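Taken in order, these protein sequences are the chains called A and B. Sequential numbering of the first sequence, starting at 263, is according to the numbering used here. Sequential numbering of the second sequence, starting at 509, is according to the numbering used here. Encoded as structure tokens, the structure appears first; notes follow it.
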Amino acid sequence: MMGMDDEIIKEFVIETRELLEAIEAGLISMEESADTSSRDILDTMFRGFHSIKGTAGFIGLTHVVNVTHKAENLLGLAREGKSLSTRAVSVLLDVVDFLTQAMELVENVGNDSSLEAVADALSAQLVIEDGVMTGSAAAPEPAPVAPKVAAPTPDEGFVQDDGFIADDPFAPADPFGLNGGSDPFVILGPLEEENSSAMAASPEEVEEVTTALPVHSPPPHVEGAKSPAAPAAAPPATHKKAPKKRSTIRVDLEKLDGLMNLVGELIIAENMVTHNEALEEMAEVESLNRATTQLNRVTRSLQDVVMDVRMVPISGAFQKMSRLIRDLRRKVGKEVRLEMSGEETEVDKTVVENIADPLVHMIRNSVDHGIELADVRIANGKSPEGVIRLTACHEGGEVRIQIIDDGKGLNRAAILNSAISKGLVFGDGDGLTDREVFALIFEPGFSTAEVVSDLSGRGVGMDVVRRNIERIKGRVEVDSVEGEGTTVTLRIPLTLAIIDGMLVRIGDVVYTVPMLSVRETVPYDKERLTQKPDGSQVIRIRDQFVPVVRLEGDFGELGQAERNIFLVVDEGSPVALRVDEMIGHRQTVIKPLPNYLGVIPHVSGCAVLSNGSISLIINVNTLARQVGRGL
Amino acid sequence: MNPDKKSQFSGGVLDETMDRVAEETERYLTFWVGEETFGVEIFSVVEIVGIDRITPVAGVPFYVRGVMNLRGNVVPVVDIRDRFSMDARDYDPRTCAIVVECRGQRVGLVVDRVREVVDFAASQIDNSSNVNTGDAAHFLNGIGKLDGSVTILINVDAVLFDGHDYVSNNDEYDHE
């Protein structure tokens, strides 16, 4: 690794991760559709492994080269029409995991040397599959279940000291290469040795050799009967799709952020010019008006374009979920199917990055605690196979992501009891809506093991889910019908860089309230207000009571009460903000609160106003939580 | 140890040369707060800006006046008077903020008036126990003496971070 250009390694890691995503998607779709012969997918995967191998060899990652080479061989065989067993697909998924792990190491340590044992174990399995495919393993099945990656069974026989592949023998069942003539890749052994010590054969070379050789192998090994991994039922073929190809360039996110910042400043500057008081006297001058209108239009389009650049389809995050479901299905022993829609929905890059972990958490929860075992489902008149639907779509200025399962749903009474015993709810909680009760599973105190085992599940780390979602300014809602299933809805702003805000004045200070959470405004009316014994207030809006949040004092002194306005905001449970004036609706650039100030409750960030002053953005989520639940 | 004392006892040429070599100067930006002149290490100064609007922020330490907009960036503002428990004073056109950078953070320090840039030789800075007294001692690098004038040299790191809890529990913060 001496003197290796860091840039190359960084580039390699990024590229490999992208290729792995495509390969994984291909493998999963093969598994789902129970069709392992799709030429498109095989080609993509073959090319993926090949290019990883090439660069890995250049950087000197011997184990990566070793494993990818064998994986490539396997796919090469499949491309020739030999059937890829479901077990082989499974092994290839292990290869993807191995490479993911390797990339982490490469990124942090710079080499893959600590992965030797895992690499050897994987290689052994790949060789076995190779043997099976070439029919050379007419001899005994190696093992009923493929050995796990975690249990290394190093076989030095086909890995040289330097880790580079010297020869590609068949499965142990065919140690002497008796069927050698049927495997075109045997020829590649010596060919590679002639090549540079780090680079394996190019695809052209592979192609040449394979086409030059008459293939007279016996019919593909019959699998299925012995394969424990075969899916119980073949799901609809709609899942089959080849990964999309896009022509793109890679840009450092920092550069984009810099551009975004500049555009933000430009918008502010433009505002300062076009709304300048000095210009008011010249309002009649038409050429000036035309010029400012033009300026305004161009800056808005520029803003749109820059925002658009940061948008990527959410499929990156969704893809990981198919893999998760597949692994969970095996681990938990439940029959679950994942249906996805709206993967093409575009969101801000940071959203994609931050959404994956919460999704994993919630889907795992759905499988663990939501979906029942097959016999229970049948007894309840459901189909044995549970379905989790993951959907995304644009709704207003937000992206809505839903995780819908058809499991047993949440048990309101049990959640309430637990919450009362933990002091999260005062009183009997009868006045709480279902949604408010279900929201309790996101309370930090709620996520304890005993709750999970007792109740209809959920709760493990759900507070972390909410925290993560709130970090990207989103919110979570849970709906559930006992016995029928649970729906978790995430609403996340499309972008984290611009806020559509309602400006309000409290005393002398102007605050920004996210437009998306504003429900309505209500003028001051003594009749509607009720003062409770503890001094807190509720306001009656139609037939509903909404708690009033006191922002005054800390946030500024309110003026004359009769002129106050109540701004009802709702991000799950409604609260009313008491303000002096509604100034208007503006789009502004969001700036983070300086670190020096630490975390300020009720403030999620800053917005720069057109007059150059800063307005704090009110965090409606924490406000709503501050008023507490129960009565 | 103290250069002042040393020069009293030695008169040789060599000693003088060594003194001169040892005498590194430190450059300070000086400013007025009330009747006193203060100085801040020039290397931590980013720029000096006039004060336009400061947005108050709830729940921050008493010496943080709020945040201001510095060309699109949000910068917290610390009032030196508040920090040193001096009497508050209305901002006037000469009131300005010295934007300093410390521990990777930019903060505006509100001062009455900026004065000038001064070089202090080590021998002109007294940080002996005589000046290191009182509650504010930990905020100071020492006292600079130059041509009969006295400058209180502040330690920016201490002024910004000594006892600065990121999350403040101060409910008494008074918003004007």
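Every residue gets a Cβ at the ideal spot worked out from N, C-alpha and C, and that includes glycine. All figures in this text were calculated on a predicted structure; none of them were measured in a lab.
How would you list, in chain order, the residues of chain A whose beta-carbon sits under 7 Å from the beta-carbon of Gly-580 (chain B)?
At a beta-carbon threshold of 7 Å, the residues of chain A lying near Gly-580 (chain B) are Asn-523, Gly-526, Glu-527, Ile-530 and Val-870, ordered along the chain.
Val-583 (chain B) and Leu-859 (chain A) look like a contact to me (Cβ under 8 Å); what is the Cβ gap, rounded to whole Å?
That pair is no contact at about 11 Å.
Beta carbons nearer than 8 Å to chain B: which residues of the stretch 841 to 863 of chain A have them?
Listed by position, the residues of the stretch 841 to 863 of chain A near chain B (Cβ gap below 8 Å) are Val-851, Lys-853, Pro-854, Leu-855, Pro-856, Asn-857, Tyr-858, Leu-859, Gly-860, Val-861, Ile-862 and Pro-863.
Go to Phe-807 (chain A), then tell me how far its beta strand (DSSP E) extends in each direction, as first and last residue.
Following the DSSP letters along the chain, one finds Phe-807 (chain A) inside the beta strand (DSSP E) bounded by residues 806 to 811.
Do Ala-531 (chain A) and Gly-604 (chain A) have their CB atoms nearer than 7 Å?
Their beta carbons are not under 7 Å apart, which means Ala-531 (chain A) does not touch Gly-604 (chain A) by this criterion.
Residues in its own chain within less than 6 Å of Phe-311 (chain A) by CB, not counting five upstream and five downstream?
Correct list, in chain order: Thr-330, Ala-333 and Glu-334.
Less than 7 Å between the beta carbons of Val-547 (chain A) and Ile-576 (chain A), yes or no?
Cβ atoms of Val-547 (chain A) and Ile-576 (chain A): not closer than 7 Å.
Val-882 (chain A): contacting residues in chain B (beta-carbon distance under 9 Å):
Within 9 Å Cβ-Cβ: nothing; Val-882 (chain A) doesn't reach chain B, min ~15 Å.
Run through DSSP, which three-state label would Phe-592 (chain B) get?
The answer is coil: DSSP assigns Phe-592 (chain B) none of H, G, I, E or B.
Alpha carbon to alpha carbon, how far is Asp-637 (chain A) from Lys-344 (chain A)?
Cα to Cα, the separation comes out at about 37 Å.
Are the Cβ atoms of Leu-652 (chain A) and Ile-633 (chain A) separated by less than 7 Å?
Taking 7 Å as the cut-off, the beta carbon of Leu-652 (chain A) is found no closer than this to the beta carbon of Ile-633 (chain A).
I need the straight-line Cα distance from Val-351 (chain A) to Val-622 (chain A), nearest angstrom please.
Going by the C-alpha atoms only, they are around 22 Å apart.
DSSP three-state assignment for Leu-648 (chain B), whether helix, strand or coil
It is a strand residue.
Check whether chain A comes within 7 Å of Thr-563 (chain B), counting only Cβ atoms and requiring the distance to be less than that.
Closer than 7 Å to some Cβ of chain A, the Cβ of Thr-563 (chain B) qualifies, so yes.
Bridge partners of Pro-584 (chain B), per DSSP?
According to DSSP, Pro-584 (chain B) bridges with B:Val-575.
I'd like to know if Gly-520 (chain A) contacts chain B, where contact means its C-beta is closer than 7 Å to some C-beta of that chain.
No, no contact with chain B.
Measuring only the C-alpha atoms, how far is Thr-317 (chain A) from Arg-592 (chain A)?
Cα to Cα, Thr-317 (chain A) sits roughly 34 Å from Arg-592 (chain A).
His-631 (chain A) burial status per 10 Å Cβ neighbour count (16 or more: buried):
Buried is the label assigned to His-631 (chain A), since at least 16 other Cβ atoms lie within 10 Å of its Cβ.
Applying the 10 Å Cβ sphere with the 16-neighbour rule, what's the burial state of Arg-840 (chain A)?
Classification of Arg-840 (chain A): buried, given that the 10 Å Cβ count is 16 or more.
Roughly how many whole angstroms lie between the Cα atoms of Cys-610 (chain B) and Ile-760 (chain A)?
Distance between the alpha carbons of Cys-610 (chain B) and Ile-760 (chain A): 29 Å.
Gly-818 (chain A) and Ile-768 (chain A) - do their beta-carbons sit closer together than 7 Å?
Yes, they are a contact pair.
From Gly-797 (chain A) to Ala-545 (chain A), what distance separates their C-alpha atoms?
Rounded to whole angstroms, Gly-797 (chain A) to Ala-545 (chain A) spans 51 Å at the Cα level.
CA nearest to the CA of Ala-449 (chain B), picked from B:Glu-534, B:Met-594, B:Glu-624 and B:Val-619:
Here chain B comprises residues numbered 509 to 684, so residue 449 (chain B) is not present and cannot be evaluated.
Looking at the secondary structure, which residues open and close the beta strand (DSSP E) in which Lys-853 (chain A) lies?
Secondary structure note for Lys-853 (chain A): its beta strand (DSSP E) is the uninterrupted segment 843 to 853.
Residue environment, His-537 (chain A), which counts as buried when at least 16 other CB atoms sit within 10 Å
Its Cβ having fewer than 16 others within 10 Å, His-537 (chain A) is exposed.
I believe Val-861 (chain A) touches Leu-878 (chain A) by the beta-carbon criterion, under 8 Å. Please report the beta-carbon distance rounded to the nearest angstrom.
The pair is not a contact, with the Cβ atoms about 13 Å apart (cut-off 8 Å).
Beta-carbon neighbours of Gln-613 (chain B), restricted to chain A and to distances below 9 Å
Contact of Gln-613 (chain B) with chain A by beta-carbon distance below 9 Å involves Pro-856, Asn-857 and Tyr-858.
Is Asp-634 (chain B) near the ligand ADP, in the sense that its beta carbon is under 6 Å from a heavy atom of that ligand?
With respect to small molecules bound, the structure shown includes none, and the ligand ADP cannot be examined in it.
With 7 Å as the threshold, decide whether the Cβ of Ile-876 (chain A) is near any Cβ in chain B.
So yes, Ile-876 (chain A) belongs to the interface.
Tell me, which residues are paired with Glu-549 (chain B) by DSSP?
Bridge partners of Glu-549 (chain B): B:Tyr-536.
Would you mind telling me which residues of chain B sit closer than 9 Å to Val-865 (chain A), beta carbon to beta carbon, in chain order?
Within chain B, the residues near Val-865 (chain A) are Val-565, Ala-566 and Gly-567.
Just to check my reading of the structure: Ile-587 (chain A) and Ile-650 (chain A) have Cβ atoms closer than 8 Å, yes? What is that Cβ distance to the nearest angstrom?
Their Cβ separation, rounded to whole angstroms, is 7 Å, which keeps Ile-587 (chain A) and Ile-650 (chain A) in contact under 8 Å.
Work out the CA separation of Ile-660 (chain B) and Asp-770 (chain A) for me, nearest whole Å.
Spanning the alpha carbons of Asp-770 (chain A) and Ile-660 (chain B) requires a straight line of approximately 36 Å.
Return the first residue and the last residue of the alpha helix (DSSP H) that Asp-741 (chain A) is part of.
Per DSSP, Asp-741 (chain A) lies in no alpha helix (DSSP H) segment; the continuous beta strand (DSSP E) that holds it begins and ends at 737 to 743.
Is the CB-CB distance between Val-585 (chain B) and Gly-542 (chain B) below 7 Å?
In this structure, Gly-542 (chain B) does not lie closer than 7 Å to Val-585 (chain B) by Cβ.
Quick check on DSSP: helix, strand or coil for Gly-616 (chain B)?
DSSP places Gly-616 (chain B) in the strand class (E or B) of the three-state scheme.
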